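Trainee: For the record, in the sequence shown the residue sitting at position 336 is 321 according to my numbering, with numbers rising by one throughout. Submitted below is the structure of interest, expressed as structure tokens.
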Amino acid sequence: MMDMRTELLAPVGSPASLRAAVEAGADAVYLGAMWNARMRARNFTMDELARAFVYCRKNGVRAYVTVNTLMFENEIAQVADYIKQVYEFGANALLVQDLGVAAIAREVAPEIELHASTQLSTHNSKTAGILKKMGFKRAVLARELSIEQAKKIRENSGIDVEVFAHGALCYSYSGKCLFSQIQTGRSGNRGVCAQLCRMPWKLYCDGKEIKKGYLTSTKDLCTVNRAQEIQEAGICSIKLEGRLKGAEYVGAMVRAYRKALDNGEPADLGKLTSRGYTEGYLFGAANTEKLVNPKASAFRGKLVGKVEKTGPNGATVKLFSTIAKGDSLRTSRSGRTVELFRIYQKGKEVERASGECTLMIKTLKAGDELLKVERASIEDDFLSGVKAARVISGRLFSYHKPRFGFNIPRLFYADSKKEIANAPKGSCCVLPWEEADELALQEAKTAGVKIAVETPRVAFDRELPEVERKMKALSEYSPYAFLASELSLVSDYSTIVSAYANVCNTLAAKEWMKLGKVSGIVAAMEVPKINAESLGFSTYSGKNVELVISENDLFSELELPKGECFLVDPRGNRLRILRRNNRTVIMGKMPEMRLETPPKQEMKGARIRTATQSRWQKKPHSR
-14 MMDMRTELLA PVGSPASLRA AVEAGADAVY LGAMWNARMR ARNFTMDELA RAFVYCRKNG
46 VRAYVTVNTL MFENEIAQVA DYIKQVYEFG ANALLVQDLG VAAIAREVAP EIELHASTQL
106 STHNSKTAGI LKKMGFKRAV LARELSIEQA KKIRENSGID VEVFAHGALC YSYSGKCLFS
166 QIQTGRSGNR GVCAQLCRMP WKLYCDGKEI KKGYLTSTKD LCTVNRAQEI QEAGICSIKL
226 EGRLKGAEYV GAMVRAYRKA LDNGEPADLG KLTSRGYTEG YLFGAANTEK LVNPKASAFR
286 GKLVGKVEKT GPNGATVKLF STIAKGDSLR TSRSGRTVEL FRIYQKGKEV ERASGECTLM
346 IKTLKAGDEL LKVERASIED DFLSGVKAAR VISGRLFSYH KPRFGFNIPR LFYADSKKEI
406 ANAPKGSCCV LPWEEADELA LQEAKTAGVK IAVETPRVAF DRELPEVERK MKALSEYSPY
466 AFLASELSLV SDYSTIVSAY ANVCNTLAAK EWMKLGKVSG IVAAMEVPKI NAESLGFSTY
526 SGKNVELVIS ENDLFSELEL PKGECFLVDP RGNRLRILRR NNRTVIMGKM PEMRLETPPK
586 QEMKGARIRT ATQSRWQKKP HSR
């Protein structure tokens, strides 16, 4: 075993979860108040954050603040204010997705560590090396990488690497999913994902319904019994997911991984999830087993029992752990939540029960699994007894919005070669990577049509040489530009930064422009068209767009026949399923860009300045 200790990093969504994680043996915790990927969680107020950092320092635990969502242009001043405050409160690191946020952090909190969120989609050594040059100390690698790939990235780039070892798996690559944004207007990249991948679907192939269920709902990740192998690979941090879960769940999870890391003690965490477990891609399980569980929904909770039978005198339940009056339970079949008012054992009403009991709930059916939904602990306010200093400096963040001199034609997104003919006159046709070849470029050139080739949205180390070879070959036919959403694929060829790079502000745009010959920026899908144009960014037009890109082979998992296949949601929306670059892609209609200006987020905590009181002002750069 290597002479190093791998950090155990725990999720914290509330003060109660913080206490549970620390007492269970976490080395570090990650938490947030604003601009984080779990905005649906309870989250912390600014006052609680200040106290939480004091509590962590007293217990020898590092605290990382999640600022891992996209930032709009009108939020720059407030984000700067927020980062400066958490820095002065004592945060050890910032977890970042938006390169504009990283630029702010280097300015207002130069001594704080920067960790690249998994939302930045670090799939290869070149990307990791670029992040290190940008000032990042650590990269949270894509969940789709194996332990050997993670080790290679660490060795080749010199950056510290962190891997997800436990918790919910997204069906799509992190940071590459537009499912929720385009279908509902709720952006996963802004922390408010509607989790459409967890909803029930019907699957049609060649016009016939062949399957139904939770067809894109993956099992949860669990590598507790491989924890020491992760440590031996030189991984600096084992990350556990669960900021939407309660303190009981967090404590049990951290305790199990602590024992596994320190003593190699095996653990069975099967009753902590409702979807089943997999070792995912980290140890190759994805190559030998099915990751999707069509019978498992999005409903979360700790598995506490199963209904054996029902009758006029109630439902007989076999319990796996203790339940009590006032607990909230969900049923696996209906997803309904009920509160326990009456529990019986041996004909007598009791306050708590274990083993076997009778519940007076009419909606229960034989075979139903019961999931306990955790509520906030009565100790949720324990931080009120922790004193924290109020330090607010007067240093200003100076920033002047640049005027970009981009002059690129309107971009028409073609989902195949056939669509080139439908490109509006004077536009530039964006052709997907697998559709781009020498013949297509030659024919377009003869027809006088400008072609921009969109490079792969994902490229592992083993794939990068072939991608670069093809880019060189295609460059001989003078495409208008290459579109890039991977940091590693911005090159000396004329490059347009793709919408899938998630650029929402001019600070992020400037960071991307440093990487190569950038001739234009396509705004992220979250940016309204009118706002994008005011920033000098371009937008896509077209019929269809890639909503989801997944390493999971849905065709193989669901044993789909050859032909046209569609997912159909409860509202009747049809989403086509394709294979591109050996990955599953789900296509949807190109959305009409919203016209309203996105609202600012507001800081919580009475004694902390609000956005309207911010001392950070936009001023011309002095450098």
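Ideal Cβ placement from N, Cα and C applies to all residues, glycine included. Predicted model only: the values in this text are computed from it and were never measured.
Are L492 and G85 closer than 8 Å when you measure CB to CB?
Mentor: Yes, the Cβ-Cβ distance between L492 and G85 is below 8 Å.
Trainee: Closest to E226 by CA distance: which of F445, E453, A150 is it?
Mentor: When only C-alpha atoms are compared, the closest one is A150.
Trainee: Taking DSSP's pairing of strands, which residues face S483 in a bridge?
Mentor: For S483, which the question treats as bridged, DSSP gives no partner whatsoever.
Trainee: Using 8 Å as the Cβ pair cut-off and three pairs as the minimum, do the region 61 to 74 and the region 494 to 506 touch?
Mentor: Contact between the region 61 to 74 and the region 494 to 506 is absent, because fewer than three Cβ pairs lie under 8 Å.
Trainee: Taking the alpha-carbon positions, what's the R561 to L552 distance?
Mentor: Taking the straight line from one Cα to the other gives about 6 Å.
Trainee: When DSSP labels each residue in this structure, what does Q70 get in the three-state scheme?
Mentor: Helix at Q70.
Trainee: For T348, which residues from the same chain have a beta carbon less than 8 Å from its beta carbon, with the 5 sequence-adjacent residues on both sides left out?
Mentor: Around T348: T316, S319, R321, V323.
Trainee: Determine the closest residue to R228 out of N141, A406, G219, V239, with distance taken between C-alpha atoms.
Mentor: R228 has its Cα closest to that of V239, out of N141, A406, G219, V239.
Trainee: Can you tell me whether F29 is buried or exposed, with buried defined as 16 or more other CB within 10 angstroms of its CB?
Mentor: So F29 ends up on the buried side.
Trainee: For a test of the three-state rule: what should DSSP assign to S541, helix, strand or coil?
Mentor: Looking at S541 - three-state DSSP - the assignment turns out to be helix.
Trainee: Can you list the alpha helix (DSSP H) stretches of 4 or more residues lying completely in the region 402 to 432, in chain order?
Mentor: With a minimum length of 4 residues, the continuous alpha helix (DSSP H) runs that stay inside the region 402 to 432 are 423 to 431.
Trainee: Tell me the rounded alpha-carbon separation between L532 and R327.
Mentor: Approximately 46 Å between the Cα atoms of the pair.
Trainee: Keeping to the same chain, check which residues put their C-beta closer than 7 Å to that of A135; ignore five residues upstream and five downstream.
Mentor: Hits under 7 Å: L126, V146, V148, A218, I220.
Trainee: From A13 to Y49, what does the alpha carbon distance come to, in whole angstroms?
Mentor: Going from the Cα of A13 to the Cα of Y49 covers about 7 Å.
Trainee: List the DSSP bridge partners of G236.
Mentor: Beta-bridge pairing links G236 to no other residue.
Trainee: Hey, L254 and G265: beta-carbon distance below 8 Å or not?
Mentor: No, the pair does not count as a contact, with Cβ atoms beyond the cut-off.
Trainee: Residues in its own chain within less than 6 Å of T430 by CB, not counting five upstream and five downstream?
Mentor: The question names Thr, but residue 430 in the sequence shown is Lys. There are no such residues.
Trainee: Mapping the DSSP letters down to three states, classify E250 as helix, strand or coil.
Mentor: Residue state, collapsed to three classes: coil.
Trainee: So, at 7 Å on beta carbons, what are the nonlocal neighbours of D554 in its own chain, with the 5 sequence-adjacent residues on each side left out?
Mentor: Once the five neighbours on either side are set aside, the close Cβ partners of D554 are M184, W186.
Trainee: What does the alpha-carbon distance come out to for the pair A124 and I89?
Mentor: Near 18 Å, if we compare the C-alpha coordinates of I89 and A124.
Trainee: Specify the secondary structure class of N278 as computed by DSSP and reduced to three states.
Mentor: N278 falls in the coil class under three-state DSSP.
Trainee: Check whether the Cβ of Y465 lies closer than 8 Å to any Cβ atom in chain C.
Mentor: Among the chains in the structure shown there is no chain C, since it carries only a single protein chain.
Trainee: By the three-class DSSP mapping on this structure, what secondary structure does H606 have?
Mentor: Here the model assigns H606 a pLDDT of 35, short of 50, so the residue's position is not dependable and the matter cannot be decided.
Trainee: For A232 versus S2, is the C-beta spacing smaller than 8 Å?
Mentor: Yes.
Trainee: From this set, F367, K357, E33, which residue's C-alpha is nearest L288's C-alpha?
Mentor: Ranking F367, K357, E33 by Cα distance to L288 puts K357 first.
Trainee: Along the chain, where does the beta strand (DSSP E) that runs through T569 open and close?
Mentor: It spans 568 to 574 - the beta strand (DSSP E) in which T569 sits, taken as one unbroken run.
Trainee: When the Cα atoms are used, what is the spatial distance from V177 to M19?
Mentor: So the alpha carbons of these two residues sit roughly 12 Å apart.
Trainee: Once you ignore the five residues that flank Q213 on each side, which residues in its own chain have a CB closer than 6 Å to its CB?
Mentor: Cβ within range, chain order: G249.
Trainee: Suppose you measure from the CA of T595 to the CA of C162; what does that come to, to the nearest Å?
Mentor: Note that T595 scores a pLDDT of 33, beneath 50, so its modelled location is shaky; the value from the coordinates is reported in the next line. Going from the Cα of T595 to the Cα of C162 covers about 31 Å.
Trainee: Do F391 and V438 have their CB atoms nearer than 8 Å?
Mentor: Contact flag unset, no.
Trainee: For A5, I'd like the list of residues in its chain whose CB is within less than 6 Å of its CB, leaving aside the five on either flank, ordered along the chain.
Mentor: Cβ neighbours of A5 beyond the five flanking positions: A232, V235, G236.
Trainee: Quick check: what's the CA-CA separation for F662 versus E423?
Mentor: Past the boundaries of the shown model lies residue 662; the chain is included only from -14 to 608, so the question cannot be answered.
Trainee: Only counting the same chain, and skipping five residues up and downstream in sequence, which positions put a Cβ closer than 7 Å to that of S102?
Mentor: Closer than 7 Å at the Cβ level, and outside the excluded window around S102, lie N53, L80, V81, Q82, V125.
Trainee: Considering only residues of the same chain and omitting the five flanking positions on each side of R442, which have a CB-CB separation below 6 Å?
Mentor: Excluding positions up to five away in sequence, the list reads K161, S470, Y485, I534.
Trainee: Quick one: Cα of G(-2) to Cα of Q216, how far?
Mentor: Distance between the alpha carbons of G(-2) and Q216: 26 Å.
Trainee: Is the Cβ-Cβ distance between N272 and R260 less than 8 Å?
Mentor: Cβ distance not < 8 Å, so N272 and R260 don't count as in contact.
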